[in-house]
Structures are given as structure tokens and as C-alpha cells.
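Residue numbers (my numbering): 202 to 498.
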């Protein structure tokens, strides 16, 4: 018999992930601040719950996908939260990107109630969520990881148990260091080509088969060339993730000068009113600085 799954947070990532879990045959209970997203899952066969507590009461595994550390703490540990509906033997899994110390704190609080916790942030953007090809990096006990693995396989393609509680979030921070750097580098190279009078689309074709090849260069340029800057993965969330990276780096006394610069660039993007655009739309900051546009007008 399939374990009953609860999913809380049905945004750009959470809704397609929850949909895949439902399609894989897991009985699913959902909760979201906006009822419309929950209603879409209900139309596919899920049940809706009014509170995180009610989700936990109806589930064996409870997943969350929420914007930031305070949101996860409130949903799990706050009034009418997941912890109030838990019972020994359950597993809590967080697909959000939050501070490693927050993941460890939540795991410790739930352990006192006999509940295992896994921090399991994901990478791959809305494309990976919709295609069930996400990379999932997991922290927590190996026993809990093995129990939840069939559900992870319905959501993603690369699933790695990284270590104990918080390790998944450390891995995601490392992932975002690279993700932000490649978005910024892509912006620079596309606009340098344009400014130099060379077709940036042909430049991408020329370089992505060599040492410059990366996920960002494979996925993002076609969207930018089509004038598409909607998320994907919101720039405001990349800004949040970079802040987590630098906060974690300070905890361990690790200098990250490139990530600090990238945080400033994404801060500029937010100040320019582009926080709800895709993280690849950081190119807009470079367009403003270089007085040039990727697309001819």
C-alpha cells in the first residue's frame, strides 16, 4: 500500500511536483495559501486540507515547498502547523531552499515528537519540476531517505543522500553559487557579442559544445532570444538564496567574493523592479549598465 503524502506549498515548483506524486499513485492531500492551486490538484484526484496540521493528520509523509526559512518554521512549528498533526513514525520532507541551521532546528524539534525530517531542496527550475527531472539533494537519516526514495523518484532524476540534517541545504547553497555565477556570465557574454556586432545566437551555438557548456547556456538563451523573461525561477528567490549562501559562509568563516558581487547584482535587479522576472533576466541589469539591448528594437 502506497504511503499517504501531504504537500504544502503549490507554487511554481510545488504544484508540478505534487502533480507527479499524484500521478505516481500516491494518495495526496494538499494545502496552499491560494485555494486555486489546491483546487487544480483536487480536480486531478487529490484532497484539500484547510491547515498544515490537517495535512499532517491525513499523511504518512509531509512535503513542503515554501519561499524562505521563516515560512517553513511557521508552517511546521507554528499554530495549526505540521507538528501539531504529527505522530511517531511519520517523515517530514522540505523541498524549500532555506538556511541549513533552520533545517537542523526543525529536524531536532520534530525528532522530539518521533518524526524524522529530511531537508531535500531541488534544482532544475520549473522545467525540471514539470518534467520530473529535478536534482534532489537530501540531508537527514539514511533510513528516512530510503523510505521516501520511491516518492523522490516520482519527482526527480538525480537523487543524492548527501549527509545528516542540513547537508541537503548546504549542497543547495553550493548549487546556487554556480547557478548565479552562470546566469551572470551568460549575461556578460551575450551582451558583449551584441555590443561587438556579432550575432549572440551564433556565439552560443559556437561555444556551448566546448568548455563553456553548462545547463544555463543550454536552457536559458532560447528563452531570452524569444523575449521571454517570465519565471522559471524568480530573481527574488535567487537573491534570497544568495543571502543564505553568504550567511552560511559567515558562519564558517569562508570568504565568497564572487557570490557577494552576484548578490549585489541581484539586489540591483530587485531595485530596478525586476524581482518577479526569471533569474536569467539579470541580463537586464547589464543592459542598463552597457546601454545596449539583447534584442534589437
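Positions of the beta carbon are idealized from the N, C-alpha and C atoms, including for glycine.
Per-residue burial, residue 303 [other beta carbons within 10 Å of its own, 16 or more giving buried] = Classification of residue 303: buried, given that the 10 Å Cβ count is 16 or more.
Taking residue 298 as part of the beta strand (DSSP E), name the residues at either end of that continuous run.
-> Segment: none, residue 298 is in no beta strand (DSSP E) and carries neither H nor E.
State the Cα-Cα distance for the pair residue 456 and residue 225, rounded to the nearest angstrom.
-> If I take the Cα positions, the gap works out to 43 Å.
Are the CB atoms of residue 333 and residue 369 nearer to each other than 8 Å?
-> Against a cut-off of 8 Å, the Cβ pair of residue 369 and residue 333 comes out as no contact.
Range of the contiguous alpha helix (DSSP H) that encloses residue 452 = Unbroken alpha helix (DSSP H) run through residue 452: 436-452.
Secondary structure of residue 455, DSSP reduced to three states | Note: residue 455 maps to coil in three-state DSSP.
What are the complete beta strand (DSSP E) segments, minimum 3 residues, inside the segment 267-351?
-> Listed in chain order, they are 292-295, 317-320, 335-340.
May I have a chain-ordered list of the beta strand (DSSP E) segments no shorter than 3 residues that lie completely inside the segment 345-403?
-> As far as the segment 345-403 is concerned, its whole beta strand (DSSP E) runs of at least 3 residues are 357-364.
When burial is assigned at 16 or more other CB atoms within 10 Å of the CB, is residue 400 buried or exposed?
-> With fewer than 16 other Cβ atoms within 10 Å, it is exposed.
Ordered along the chain, which non-local residues of its own chain (more than five positions away) have a Cβ less than 7 Å from that of residue 266?
-> Only 210, 212, 214, 215, 218, 296, 297 meet the Cβ criterion.
Note the first and the last residue of the continuous alpha helix (DSSP H) segment covering residue 223.
-> Counting along the chain, the alpha helix (DSSP H) containing residue 223 begins and ends at 215-224.
Under the three-state DSSP convention, the category residue 431 falls into = Three-state DSSP puts residue 431 in coil, outside helix and strand.
Keeping to the same chain, check which residues put their C-beta closer than 7 Å to that of residue 395; ignore five residues upstream and five downstream.
-> Apart from sequence neighbours up to five positions away, the residues of its chain that approach residue 395 with a beta-carbon distance below 7 Å are 401, 493, 495, ordered along the chain.
Distance, residue 436 Cα to residue 483 Cα = One alpha carbon belongs to residue 483, the other to residue 436, and they sit about 8 Å apart.
Could you please give me the residues that DSSP links to residue 229 through a beta bridge?
-> For residue 229, DSSP records a beta bridge to 206.
What is the DSSP secondary structure of residue 265, counted as helix, strand or coil?
-> The answer is strand: DSSP assigns residue 265 an E or B state.
Just the Cα atoms here: how many angstroms apart are residue 398 and residue 392?
-> For residue 398 and residue 392, the distance between alpha carbons rounds to 10 Å.
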